[in-house]
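For what it's worth, our numbering labels the leading residue of the sequence shown as 2, then goes sequentially. Before any comments, here is the structure.
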Amino acid sequence: MMPTEGSLSQSSGKQNPAVPPLIAIAAWIVPGLGHLLLRRWARALGFFLASGGLALVGLALRGEVFASYSKDPFGLLGFLADLGSGIFYLILRSVEAAAADISRASGDYGTRFIAASGIVNVLGVIDAYGIARGRRV
């Protein structure tokens with residue numbers, strides 16, 4: 002018997018409550034992985050390319066990756082947005098340390114692209130979680 006779409010979240014007609022949170026965690030760590038596990042190939046590729054592309058453009062524009070410690074509320078929001086990009090946050094954090102240049106407009110735009118990468122991935126996490134729960138198609 003061939004596994005059907007969404008079979009990871011269902012076992013003989015009953016929903017396994019442990020699977021959707023695991024799908025969400027996988028989708029957060031690596032953009033698109035949750036959709037890949039759910040056999041949604043196009044969405045997996047789309048979220049990976051969108052989140053990764055935004056992160057790479059942000060890096061190319063020499064944007065700033067926010068640190069976890071900030072006395073400014075906007076710094077905390079920036080950190081949460083950046084953290085949303087999962088593995089790309091760790092990659093950018095290790096590469097960006099010497100490269101950030103927010104003194105020019107391109108660096109400021111780069112910072113926004115990096116944050117947008119995290120927001121796109123959070124939307125992917127929400128979508129994968131909804132699919133795993135059977136509430137989305």
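All C-beta atoms, glycine included, are put in the ideal place defined by N, C-alpha and C. Just so you know, these numbers come straight off a predicted model, no measurement behind them.
Query                                                                                                                  : Result
Integer Cβ distance of proline 1 from alanine 133, believed to fall under 8 Å                                          : Residue 1 is absent from the structure shown; the chain starts at 2 and stops at 138.
Unbroken alpha helix (DSSP H) run spanning alanine 61, endpoints                                                       : 42 to 61
As assigned by DSSP and simplified to three states, the class of arginine 136                                          : coil
Rounded separation between leucine 34 and alanine 117 - CA only                                                        : 18 Å
As assigned by DSSP and simplified to three states, the class of serine 118                                            : helix
With 16 other Cβ atoms within 10 Å as the buried cut-off, status of leucine 84                                         : buried
Contiguous beta strand (DSSP E) assignments of at least 3 residues, all confined to the region 64 to 90                : none
Extent of the continuous alpha helix (DSSP H) run through alanine 25                                                   : 20 to 30
Own chain partners of isoleucine 88 with C-beta closer than 7 Å, once the 5 adjacent residues on each side are dropped : Ile30, Val31
Residue closest to isoleucine 120, alpha-carbon to alpha-carbon, out of Ala19, Gly79, Leu62                            : Gly79
Residue environment, tyrosine 70, which counts as buried when at least 16 other CB atoms sit within 10 Å               : exposed
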